[in-house]
Each structure stands twice: as C-alpha cells, then as structure tokens.
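All you need for our numbering is the position in the sequence shown, starting with 1, plus 3.
A virtual CB, placed ideally from N, CA and C, is assigned to each residue, including glycine.
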Amino acid sequence: MEQQPHPSRGATGPRRAAALLLIPVAVGLGVWFVGRGLTPDPESSLFGAQYGDAMELKARLGTALLGLALVQLLLAARMYGLLPGSRPAPRAVSLVHRLTGLLAFLLSVPIAYQCLSAYGVVLTSPRVAIHSITGCVLYGAFAAKVVVVRSHRFPGWTLPLVGGLLFCAIALLWYTAALWQLNGFRTPGLT
Numbered sequence: 004m005e006q007q008p009h010p011s012r013g014a015t016g017p018r019r020a021a022a023l024l025l026i027p028v029a030v031g032l033g034v035w036f037v038g039r040g041l042t043p044d045p046e047s048s049l050f051g052a053q054y055g056d057a058m059e060l061k062a063r064l065g066t067a068l069l070g071l072a073l074v075q076l077l078l079a080a081r082m083y084g085l086l087p088g089s090r091p092a093p094r095a096v097s098l099v100h101r102l103t104g105l106l107a108f109l110l111s112v113p114i115a116y117q118c119l120s121a122y123g124v125v126l127t128s129p130r131v132a133i134h135s136i137t138g139c140v141l142y143g144a145f146a147a148k149v150v151v152v153r154s155h156r157f158p159g160w161t162l163p164l165v166g167g168l169l170f171c172a173i174a175l176l177w178y179t180a181a182l183w184q185l186n187g188f189r190t191p192g193l194t
C-alpha cells in the first residue's frame with residue numbers, strides 16, 4: 004500500500020520526482036569526478052595543521068559533526084512526535100534543527116576539502132574505498148535533503164528517508180576515518 008503525500012505537500016509526478024532527485028545524484032557524481040581528477044597533495048593543511056596533526060584535527064571535527072548529526076536526529080524525532088511522551092514541538096525545535104543542520108554542513112566543508120585535496124577519491128583498501136564513496140554520497144544526500152525540504156511536493160516518507168541517508172553517511176564517514184584515527188589506526192571490522 005503506497006503512503007499518501009503529507010497533507011501540506013502536493014503530489015509529485017514520477018517525472019518531476021526523478022528530475023528533482025537528479026540534482027543530488029549530480030552533486031555526488033560531481034564530487035566523485037573532482038576527487039578522482041585531483042592530484043593529491045599530502046602537504047595540504049587544515050587550519051594550519053599538516054600530516055598527522057591534520058588527521059587528528061579532522062578526527063576531532065568529524066566527531067563533532069557526528070554529535071551534530073545525533074542532535075539533528077533527536078530534533079527530527081521530537082518534531083515528528085516520535086519520542087516517548089512527546090507533544091507537538093514548539094517552533095524553536097524546528098529552528099534549532101535548521102541551525103544545527105547548517106552548522107553541520109559548514110563543519111563538513113573544511114573536512115571534505117582537506118580530504119579531497121590531500122588524498123582525492125581513492126579505492127586502495129576497503130576502508131578507504133568506503134570512506135571515499137560515502138563522502139561523495141554525503142553531499143548528494145545534503146543536496147537531496149535541501150531539494151525535498153524546499154520542494155514540498157514529495158510524499159511524507161521522503162524527508163525521513165533522505166535525512167536518514169544523511170545521518171548514515173555521516174556515521175559511516177566517522178566510522179571509517181575518525182574512529183580509525185582515534186583508535187590507533189584500527190577500525191573494528193575493516194582492514
């Protein structure tokens with residue numbers, strides 16, 4: 004049984020939905036092709052930190068990004084009344100959700116820039132390949148969330164789907180890089 008669009012959202016035909024979702028696919032592929040075409044520069048710095056210091060800083064920033072993603076998840080659950088005993092959320096919850104989302108996006112940009120400039124998109128090991136591909140998916144998911152939020156024409160389940168994809172991408176990026184760095188270059192389950 005197909006779920007009906009949220010009452011505040013108009014119906015989106017399959018062609019319109021496909022066209023709108025091509026934007027995040029194009030963004031993800033754009034990051035992929037840029038990353039594959041770059042000449043890696045291992046001396047690339049992040050706020051003045053280089054090499055191991057840059058990796059440590061990225062791990063800490065990535066952990067902060069994961070924390071913001073968790074806050075986003077909790078705020079979304081509060082907005083949609085999914086938390087036990089929750090009543091309709093005040094408008095402030097929605098505002099804080101938007102602000103933390105913007106902060107998460109802004110925090111991700113210097114991390115991604117340094118990753119791309121220092122390493123590019125590489126597939127040399129399972130951990131690195133998963134990290135590289137997920138980094139591309141992350142920005143496609145950001146774009147998808149913006150498209151879905153701004154369009155107001157997708158079924159109600161679409162926003163939680165792209166929001167969940169975004170959260171999972173951030174968590175997987177953290178797992179394959181920040182945890183690896185902070186755990187002495189070991190990631191449980193990956194080599």
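Specify the secondary structure class of residue i as computed by DSSP and reduced to three states.
i      : result
Ala92  : coil
Met4   : Bear in mind that the predicted position of Met4 carries a pLDDT of just 41, short of 50, making it too unreliable to give a figure here.
Arg12  : No answer about Arg12 holds up, because its pLDDT of 46 lies below 50 and its placement is not dependable.
Leu49  : strand
Thr42  : coil
Phe36  : helix
Gly84  : coil
Pro158 : coil
So residue i is in the alpha helix (DSSP H); what residue range does that whole segment cover?
i      : result
Tyr122 : First-last for Tyr122: undefined, no H or E at that position.
Ser154 : Pro129 to Ser154
Leu168 : Thr161 to Leu176
Buried or exposed: residue i, going by 16 or more other Cβ atoms within 10 Å of its Cβ?
i      : result
Val125 : exposed
His134 : buried
Gln6   : Unreliable placement is indicated for Gln6, whose pLDDT of 43 sits below 50; no coordinate value is reported for it.
Phe188 : exposed
Ala21  : exposed
Tyr122 : buried
Give me the residue from the options with the minimum Cα distance to residue i.
i      : options                           : result
Thr42  : Leu119, Ser154, Arg130 and Ala181 : Leu119
Ser97  : Ser111, Met82 and Arg90           : Met82
Phe145 : Ala92, Arg130 and Ala72           : Ala72
Ala200 : Phe157, Trp183 and Leu141         : A query on residue 200 cannot be resolved here, the shown segment of the chain reaching from 4 to 194 and no further.
Val57  : Trp183, Leu185, Gln117 and Trp160 : Going by the sequence as given, residue 57 is Ala instead of Val. Closest option to Ala57, Cα to Cα, is Gln117.
Arg18  : Arg90, Phe157 and Arg130          : Phe157
Trp177 : Arg101, Gly70 and Phe36           : Gly70
Leu60  : Thr190, Leu32, Leu182 and Gly88   : Leu182
For chain C, check one thing: does any of its Cβ atoms lie closer than 8 Å to the Cβ of residue i?
i     : result
Ala95 : The chain labelled as chain C is not found in the depicted structure, where only one protein chain is given.
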